[in-house]
Each structure stands twice: as structure tokens, then as C-alpha cells.
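J.: Take 1 as the starting number for the sequence shown in the UniProt record's numbering and just add one per residue.
Glycine included, C-beta positions come from ideal geometry on N, C-alpha and C.
Next up is a structure, given as C-alpha cells.
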Amino acid sequence: MKVKIKKWHAVATWRWDMPEDEVCGICRVQFDGTCPTCKFPGDDCTLLIGKCGHSFHMHCLLTWIQQESSKGLCPMCRQKFEWKQATDKDQQAT
């Protein structure tokens, strides 16, 4: 018996490798959602993680950092915000 597939509608899902209850510290939207600047979640709305361990949508953090009052500090803990470098494990996941 042969089976012939006439149509196929593939569906894919994705999510960031973060705890499900984790939200952006600025806009308070979950990371699998979109920040206020973006229309669609995904690569255009990447996550930025600081050495302090706090995570933010890229657009939210860039808007924050551009404000003179931010003084380059993390909005959550007020330490100088420095990007966390990707580890070997992070790079293997991509």
C-alpha cells in the first residue's frame, strides 16, 4: 500500500532557554512575547543578559541605556550594565 501526501502544513514553535515565569525587567512582558517596539517575537527581538544576571528585550534595554538618567546602569540592580559574553554552551545551541 502506498500513501501519497497531497498537502502538508508544517508548524513550528520556539522559545528562549529561560524560565517560563521570567519577564523583561523593563516592559514586564514574557520573553517569548514581544517587547513594545516589536511586532513579532523571535530573532529581531533578542534577549540581552547582563553579567549581573538580569535579562531584557534588546529594544527595551537600548531605549533605557540611551536615556541620560540611566547612566549605563542596570535598571534592576543599578550596577554598571555589562553584557554577559556567550558561553560555549550558548553558541552550541544556535
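Of the residues 58, 51, 50, which one's Cα is nearest the Cα of residue 44?
T.: 58
J.: Please classify residue 69 as buried or exposed, where buried requires at least 16 other C-beta atoms within 10 Å of its C-beta.
T.: exposed
J.: Take the Cβ of residue 77 as the centre, count every other Cβ of all protein chains shown within 10 Å, and call the residue buried at 16 or more, exposed below.
T.: So residue 77 counts as exposed.
J.: Would you tell me roughly how many angstroms separate the C-alpha atoms of residue 82 and residue 54, rounded to the nearest one?
T.: 10 Å
J.: Reducing DSSP to helix, strand and coil, say where residue 26 ends up.
T.: Reduced to three states, the DSSP call for residue 26 is coil.
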